[in-house]
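Student: Residue numbers (the working numbering): 57 to 868.
Idealized CB from N, CA, C, for every residue including glycine.
These figures come from a predicted structure and were not determined experimentally.
I'd like to ask you about the structure that follows.
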Ligand code: BGC
Ligand code: NOJ
């Protein structure tokens, strides 16, 4: 069925163009690349923060509001009696034209009404702590226009959690200063904070407001603020309550005339002894300097060009030309972009993650690395060290850490027994990309305690050992609180709705449940670890670990096979989970993915059978579900997984993150047709063509979950943007489908394609080399017959690394 469309891709500009503001859900974008970040919806909703969405929230946002997506950076234009916004919201005055272009770290929203065009370009300049909002007003009519322009931002009192709770204090602490066209927000600056924010415009203003109730009116809304509706700013000065920032500017435009205004939302930190320029008056030196860097259209355009150049460079590292636009645009643009955003934010702040609940995930960040490491390797390096620094001496991990402090946080506890393995996964990917083995010699502490430092290699070793030292009755890895599936809480046993499934544990009797997912993950990362040790000449250690890997493979073959697929787990009582013997959830995807990637029992046909079972029992129109059939009731021995209604989230949703595991399993097995058909089902560009309305969330990125076949509305997407799916989709397509795989000594070429694939070319920058690789599939799904490097034949499938430009021809 053809569905209504709300937008389309513009590949040439690397933009998604939204043409109707009333998208089925706010379709958002991210601004900022390093310290200052913003979320922005297609109607300019959202907020900004510095580094940490919980502890350093700059502007206020109300999640799950009515109407949805309420609050943002709003420009109100009063033209006679008509008040409108370029992004349609919040006034929702019907526009004569609307367009939102989400691009690479910028968004441009344009509205037209009664002969006036208002176009706003939003972005965060490189290395600067501010959001630029360049507003261009243009008179397209034949009469002179006298417009009243009001800007609007609402300050958050820094800690996004207490900002929404602690009103007995909050309503008395708010403080601002106003200086010419700049409004400063300095709540709590008088005491322990050494930071403030400001909102500036590079033009004289004819009025302002800083007190929300005065500007909006207690019984009015963002859609009809009194000051705007009456066309009269109040020049209010906030003391307590809710401070805001609004500039008022009178603009006259002759026919054809246009004017630019640069609005800046900035963030400043001062040293303790330089906080004030006079008693109670904040030191504005740094703010003035920042403003001076961006106070003209020319300076802003230059900063924007620098941002665009950064993205040109980032997206020039891996570029494919297959002739299939839908594939090319995901590989060359959107998948890589989503990887960068996910790397920056982990799972902290989206329109589904409030920014207060979660820090950076240990396992999440390690996986995100793989989607990003080719772009800015030094940042990946730093991330590995930050993550490893939160590890415990026994190899166990905090599940999360806070980006501002880089300390482990205990909100979701620890003891997720898959966590340690991911450190190997991330580190190996980093070394293969860069050839930088020196990272292994970095001295890295435990739990951030100075004096506890050991080498990063030692951290990898204890990570492997953590699995080996925590084996259960079947010699399979103990699951701990949970493995990758946070909701498979097999040692939890909770009847109390006020308990968290992730932190509650049946400690009295110990933990006995075992995970086949960790078993597969251990074999995959164990093989990587062994190869790394060999590379380093640590042959004893390689042999020791090879033995453990072999033992794990035997344990899976003996205790982890159900006849047609791999089991998922053993519960606390040693009963099978994910078995034909179970009434529900007879098969799970995670163990199929990891055990097929590990090729456990391939020689006995186990891999092929497992992959076939995924097609038979898990696959549906929108992808592969996590388990089948869904749980229809709560099982207290299993924990959160069975708390979800059928077809959602971890209970038989299509958890996009793990589909690539099976796809890689297919690729390793050489089944290119199957790999491709699974891949295309969850590839956003294919979904956008067919299911814009049903899918609901942004059509240019993957979402964490699509409702599965047992759900009420199969195909509906949720939790867009921040998901390990991004990195896994990238890893799958770049390394396993298109087959360009970084290795210690060069690039391994091993594509796995549908038999209909045409010739294609990949341009790959790799360390100091640049390869142009053309693949001739000749109808084969797998198997490289011959490779030439600069015209000369290469033995095997690895092109040896050497700096400079090279041409590679591959025949399959
Ligand atoms: C979600 C998981 C998530 C976990 C920890 C659960 O409710 O379903 O996807 O990882 O919470 O935040
Ligand atoms: C989301 C979490 O961020 C991730 O770590 C976890 O693996 C999945 N949910 C599955 O539960």
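#1: Run the Cβ filter for me: residues under 6 Å from any heavy atom of the ligand NOJ, listed in the order they occur in the chain.
#2: Can you tell me whether residue 246 is buried or exposed, with buried defined as 16 or more other CB within 10 angstroms of its CB?
#3: Just to confirm my understanding: we take residue 607, look at its own chain, exclude 5 residues before and 5 after, and list those with CB closer than 8 Å. What are they?
#4: What does the Cβ neighbour count give for residue 62, buried or exposed, with the cut at 16 atoms within 10 Å?
#5: What ranges does the alpha helix (DSSP H) occupy inside the region 578-629, keeping only unbroken runs of at least 4 residues that lie completely in it?
#6: With 16 other CB atoms within 10 Å as the buried threshold, where does residue 189 fall?
#7: Taking the straight line between their C-alpha atoms, what separation do you get for residue 546 and residue 629?
#8: Please determine whether the Cβ atom of residue 555 lies at a distance below 7 Å from any heavy atom of the ligand BGC.
#9: Measuring CB to CB, does residue 167 end up less than 8 Å from residue 144?
#10: CA-CA distance, residue 321 and residue 181?
#11: Measuring CB to CB, does residue 825 end up less than 8 Å from residue 860?
#12: Are the beta-carbon atoms of residue 200 and residue 178 separated by less than 8 Å?
#13: For residue 212 and residue 114, which I take to be in contact (beta-carbon distance under 8 Å), what is that distance rounded to the nearest angstrom?
#14: So which of 313, 756, 868 and 858 has the shortest CA-CA distance to residue 382?
#15: Should residue 449 be labelled buried (16 or more other beta-carbon atoms within 10 Å of its own) or exposed?
#16: How many whole angstroms separate the CB atoms of residue 709 and residue 674, which I take to be in contact at a CB cut-off of 8 Å?
#17: Using three-state DSSP, classify residue 501 as helix, strand or coil.
#18: Give the C-beta separation of residue 338 and residue 233 to the nearest angstrom, bearing in mind that I take them to be a contact with Cβ-Cβ under 8 Å.
#19: Looking only at its own chain, which residues have a Cβ that is under 8 Å from the Cβ of residue 805, when we skip the five neighbours before and after it?
#20: Assuming the contact rule is C-beta atoms closer than 8 Å, residue 418 and residue 443 should be a hit. Round their C-beta distance to whole Å, please.
#21: Can you tell me the Cα-Cα spacing of residue 453 and residue 509, whole angstroms?
#22: When you compare only the Cα positions, how much space is there between residue 11 and residue 769?
#23: Report the three-state DSSP secondary structure of residue 820 (helix, strand or coil).
#24: Pull the bridge partners of residue 769 from the DSSP assignment, please.
#25: Give me the Cα-Cα distance between residue 263 and residue 290, rounded to the nearest whole angstrom.
#26: With a Cβ-Cβ cutoff of 8 Å, do residue 301 and residue 239 count as a contact?
#27: Entirely within the region 315-353 and at least 4 residues each: give me those alpha helix (DSSP H) ranges in chain order.
#28: Report the residue from 823, 79 and 85 whose alpha carbon sits nearest the alpha carbon of residue 488.
#29: In the DSSP assignment, find the beta strand (DSSP E) that holds residue 374 and state where it starts and stops.
#30: In the DSSP output, which residue or residues are listed as bridge partners for residue 845?
#31: Just how far apart, CA to CA, sit residue 315 and residue 257?
#32: Please state the DSSP three-state secondary structure of residue 811.
#33: Which of helix, strand or coil does DSSP assign to residue 469?
#34: With H, G and I counted as helix, E and B as strand and the rest as coil, what does DSSP make of residue 789?
#35: If you measure from the CB of residue 414, is any heavy atom of the ligand BGC nearer than 7 Å?
#36: Cutting at 6 Å between CB atoms, please list the residues of its own chain near residue 397, excluding the five before and the five after it.
Tutor: Based on what the coordinates show:
#1: 403, 417, 419, 420, 540, 541, 542, 543 and 706
#2: exposed
#3: 531
#4: buried
#5: 595-615
#6: buried
#7: 10 Å
#8: no
#9: yes
#10: 11 Å
#11: yes
#12: no
#13: 6 Å
#14: 756
#15: exposed
#16: Not quite, the Cβ-Cβ distance comes to about 11 Å (not below 8 Å), so this is no contact.
#17: strand
#18: 6 Å
#19: 795, 796, 797, 829, 831, 840, 843, 853, 854, 855, 864 and 866
#20: 6 Å
#21: 16 Å
#22: With the chain running from 57 to 868 in the structure shown, residue 11 is simply not present.
#23: strand
#24: In DSSP, residue 769 forms no bridge with anything.
#25: 7 Å
#26: yes
#27: 341-349
#28: 823
#29: 374-377
#30: 848 and 864
#31: 13 Å
#32: coil
#33: strand
#34: helix
#35: yes
#36: 86
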